[in-house]
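Counting from 50, one number per residue, gives the positions in the sequence shown under this note's numbering.
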Amino acid sequence: MSERKILDGQREAWEEVDSLVLECQSHNTDPRRRDELLQELLIRFEPFLNMFRDLLLEDKIYLNNKVSREFIGLYIANKYLRSKVFKNWHLNKEEYAEVNRSLSLIRDNYAKQCDVEQDLKTLFSTMVMKYKKTNRSFNAYLTYVFRYELFRFIQAHLKDRINNSYDRSDMNDIGVSNLSSLTMHKADLLDQIVVDDNGNFSDLWINGEVCNDLFSHLTPTERLILAMVYAENAKPVEIANKIGVDIQTYRKIRRGALNKLEKLTGKDINRRKKRNE
């Protein structure tokens, strides 16, 4: 598990942000005051949003930033290259060019056609209103979920045939269509997996004390497995070792957990190809 340490004063700053977010959500908050709160939050998170703005509009790639790498990876079809990006391994000239080519789909067919800055602000404001207070701060929630919400938002634009007349073979060419279904389900699950401010999976969530009704139907082991799969991108062997079982047993438990969620939600979640299970 990740062991990031919280810097002095960081927790206080996050708690202050949480207070602003919760006040913004309150039904008792005057609309004018809510607008002021949203503006203050936008200012505080401007560097975070500008990272996505620069990636989409300025052709910049922040490979030294984990959130940026994981967003970029959503558009890379080649499994090995995607893994190198996730792990921040050195890319040669050809690999770097391939990363840019993979991003050209959203840069050419979304960013150049839309008001990206306004879209980012709107998406951020939506997440402010969606946030639910747990032992995970709004900062942690935004860090882990924003990239998937932006991916979902952009995909909706790319799939709108009325507003877009581009050659849709581009999407198939880089394999984004093959990633979309899994990414959508991953976003839905990750939004509900509680990660604490240290970047660790909350024991309270795993034990079922703070999870929502959907995940309360799973066992602690099933919740731990899904957290490691969808929030940490852990390998099967790592998860199997963590829970003390062999690979076959791990896969059986994982499929059972996803089958439970499928029955409860009516969604086909278990889409990952067998070689990745």
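Cβ coordinates follow ideal geometry from the N, Cα and C atoms, glycine included. Given the structure is predicted, the values throughout are model-derived calculations rather than measurements.
- Query: Excluding sequence positions up to five away, which residues of its chain have a Cβ less than 8 Å from the Cβ of residue 305?
  - Reply: 271
Quiz item: Helix, strand or coil: which one does DSSP assign to residue 163?
Solution: coil
Item to check | residue 177 vs residue 73 beta-carbon contact at 7 Å | outcome: yes
Practice prompt. Kindly indicate the opening and closing residues of the alpha helix (DSSP H) around residue 206.
Written response: That run of the alpha helix (DSSP H) goes 187-207.
key: Same chain, Cβ closer than 7 Å to residue 166, neighbours up to 5 away in sequence not counted   = 102
Classification of residue 286 by the beta-carbon crowding that lies within 10 angstroms, buried from 16 upward: exposed
Is it a yes or a no for the region 150-170 touching the region 105-116, going by three-plus beta-carbon pairs under 8 Å? yes
Item checked: Three or more C-beta pairs below 8 Å linking the region 124-139 and the region 75-89 -> no
Quiz item: If we ignore side chains and look at the alpha-carbon of each, how far apart do residue 312 and residue 146 end up?
Solution: 43 Å
Buried or exposed by the 16-neighbour rule on C-beta atoms within 10 Å, applied to residue 254: Here residue 254 is buried. Its C-beta has 16 or more other C-beta atoms within 10 Å.
Original post:
DSSP on residue 332, reduced to helix/strand/coil?
Top reply: With the chain running from 50 to 326 in the structure shown, residue 332 is simply not present.
Item to complete: Just mark residue 168 as buried or exposed, buried being the case when its beta carbon has 16 or more other beta carbons within 10 Å.
Response: buried
**Contacting residues, own chain, Cβ-Cβ under 6 Å from residue 292 (five flanking each side not counted)** = 270
Exposed or buried, residue 204, counting other C-beta atoms within 10 Å across all chains shown (16 or more means buried)? buried
Check: Taking C-alpha atoms, which residue in 78, 185, 180 lies nearest to residue 198?
Finding: 180
Would residue 63 and residue 186 be called neighbours here (beta carbons separated by less than 7 Å)?
yes
inquiry  = To the nearest angstrom, how far is the alpha carbon of residue 94 from that of residue 65?
reply    = 13 Å
(message) I'd like to know whether the C-beta atoms of residue 196 and residue 120 end up nearer to each other than 7 Å.
(response) At a Cβ-Cβ threshold of 7 Å, residue 196 and residue 120 count as neighbours.
| said: Helix, strand or coil for residue 276? Go by DSSP, reduced to three states. | reply: Residue 276 falls in the helix class under three-state DSSP.
Taking all protein chains shown into account, decide if residue 302 is buried (16 or more other Cβ within 10 angstroms of its Cβ) or exposed.
With a threshold of 16 other beta carbon atoms within 10 Å, residue 302 meets it and is buried.
Inset, instruction - Rounded to whole angstroms, what's the CA-CA distance from residue 298 to residue 288? Just pull it up for me. - result: Each residue's alpha carbon lies about 11 Å from the other.
Alpha-carbon to alpha-carbon, residue 97 and residue 164: 17 Å
For this session: Enumerate in chain order the residues of its own chain whose CB-to-CB distance from residue 81 is below 8 Å, with the five nearest sequence positions on each side excluded.
Result: none
- Query: For the putative contact between residue 91 and residue 170, defined by C-beta atoms under 8 Å, what is the C-beta separation to the nearest angstrom?
  - Reply: 6 Å
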